Amino acid sequence: MKLFLDTANLQEIREVVSWGILDGVTTNPTLCSRENLPFEDLVREICHLVPGPVSVECVSTRAEDLVQEARKLCQLAPNVVVKIPVNIEGLKATKILSAEGIKVNMTLIFSPSQALLAAKAGAAFVSPFIGRLDDVSHHGMELVEQIVAIFENYNLETEVIVASVRHPGHVVEAALIGAHIATVPYSVMEKLVKHPLTDIGIERFLQDWKKVSLK
Ligand code: G3P
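If you count the sequence shown from 1, you need to add 61 to reach the numbering used here.
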């Protein structure tokens with residue numbers, strides 16, 4: 062499974078790139094609003110750091126404006142993927158953009174039918190928001206299961222990005238279901254590697270190593 066970092070923070074991106082496990086980054090307007098750089102500079106810098114696709118969200122609401130905005134965003138760097146919310150205007154724009162070879166990540170997916178329509182419109186990625194469904198007492202991972210099953214039934218090439226990830230369990234469940242990608246906030250990325258027994262084990266080995274005779 063590919064792992065993306067869900068952030069617009071350059072420090073977090075630099076750090077996780079250095080771990081050697083990062084496949085891409087997803088941003089959204091909320092994440093970009095937390096950073097100090099002007100938007101276009103921020104996107105260029107993120108794209109320069111990341112060895113893979115970087116999702117950048119369009120904020121227009123009409124199809125023709127979404128198309129113009131997406132074309133402009135793609136000029137910023139070759140690895141920009143445009144993020145477009147799934148509604149009728151978004152589907153129209155995705156159809157046009159995908160025909161031009163522009164990769165679209167259809168976002169704010171909360172139902173399997175939205176994912177199916179996004180894939181039919183040519184989206185390269187769909188982003189179901191798992192944590193936000195859990196927040197309203199749904200089982201977000203069921204949505205991922207349904208989307209993965211539908212895409213398999215029809216050999217659809219659209220990749221599923223499990224988004225709105227809140228804890229390591231979400232990532233493990235996504236991997237067991239066979240989702241292509243999980244996009245993970247930095248705090249969760251750190252938790253994916255941490256285990257108290259590993260820390261205790263390292264500490265014990267280091268203590269015992271001091272007692273080993275080297276000559
Ligand atoms: O990037 C989209 C998504 O991951 C947002 O997550 O935590 O705001 O629901 P959250």
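Glycine included, every Cβ here is placed at the ideal spot set by N, Cα and C.
Predicted, not measured: the structure shown is a model, and the values here were computed from it.
Worksheet item: Can you list every residue whose CB sits closer than 6 angstroms to some heavy atom of ligand 1, going in chain order?
Response: Cβ atoms closer than 6 angstroms to ligand 1 belong to Asp67, Thr87, Asn89, Phe190, Gly192, Arg193, Ala224, Ser225 and Thr244.
Worksheet entry | Distance between asparagine 216 and threonine 68 (C-alpha atoms, nearest Å) | The sequence position of residue 68 within the sequence shown is 7, counting from 1. The sequence position of residue 216 within the sequence shown is 155, counting from 1. Their Cα atoms are separated by approximately 31 angstroms.
Worksheet item: Count the other CB atoms within 10 Å of the CB of glutamate 125; is the residue buried (16 or more) or exposed (fewer)?
Response: On the sequence shown, position 64 is the one that residue 125 refers to. The residue is exposed, with fewer than 16 neighbouring Cβ atoms inside 10 Å.
Discussion item. Can you tell me whether proline 189 is helix, strand or coil according to DSSP?
Written reply: One-based indexing of the sequence shown puts residue 189 at position 128. Proline 189: strand per DSSP, three-state reduction.
Discussion item. Between Arg105, Ser274, Val115 and Gln72, which has its C-alpha nearest phenylalanine 65's C-alpha?
Written reply: Numbered from its first residue, the sequence shown carries residue 65 at position 4. That would be Val115, whose Cα lies nearest to the Cα of phenylalanine 65.
Discussion item. Tell me the rounded alpha-carbon separation between isoleucine 149 and isoleucine 263.
Written reply: To locate residue 149, count along the sequence shown from 1; it is residue 88. To locate residue 263, count along the sequence shown from 1; it is residue 202. Distance between the alpha carbons of isoleucine 149 and isoleucine 263 is about 54 angstroms.
Discussion item. Contact between the segment 205-212 and the segment 228-240 is defined here as three or more beta-carbon pairs at a separation below 8 angstroms; is this criterion met?
Written reply: yes
Worksheet item: Is cysteine 93 closer than 9 angstroms to leucine 103 when the C-beta atoms are compared?
Response: Taking the first residue of the sequence shown as position 1, residue 103 is located at position 42. Taking the first residue of the sequence shown as position 1, residue 93 is located at position 32. Taking 9 angstroms as the Cβ cut-off, leucine 103 and cysteine 93 qualify as a contacting pair.
Item to complete: Measuring alpha carbon to alpha carbon, tell me which of Asn214, Glu96, Glu130 and Lys153 ends up nearest asparagine 70.
Response: As a position in the sequence shown, residue 70 is number 9, starting the count at 1. It is Glu96 whose Cα lies nearest to the Cα of asparagine 70.
Worksheet item: Does the distance from the CB of valine 197 to the CB of methionine 167 come in under 9 angstroms?
Response: By 1-based counting over the sequence shown, the position of residue 197 is 136. By 1-based counting over the sequence shown, the position of residue 167 is 106. Against a cut-off of 9 angstroms, the Cβ pair of methionine 167 and valine 197 comes out as no contact.
Worksheet item: Taking the continuous beta strand (DSSP E) assigned at asparagine 166, which residues delimit it?
Response: Here residue 166 corresponds to residue number 105 of the sequence shown, with the count starting at 1. Start and end: 165-170.
Practice prompt. Keeping to the same chain, check which residues put their C-beta closer than 7 angstroms to that of asparagine 239; ignore five residues upstream and five downstream.
Written response: Start at 1 with the first residue of the sequence shown, and residue 239 comes out as number 178. The residue you asked about is not asparagine; residue 239 is glycine in the sequence shown. Val209, listed in sequence order.
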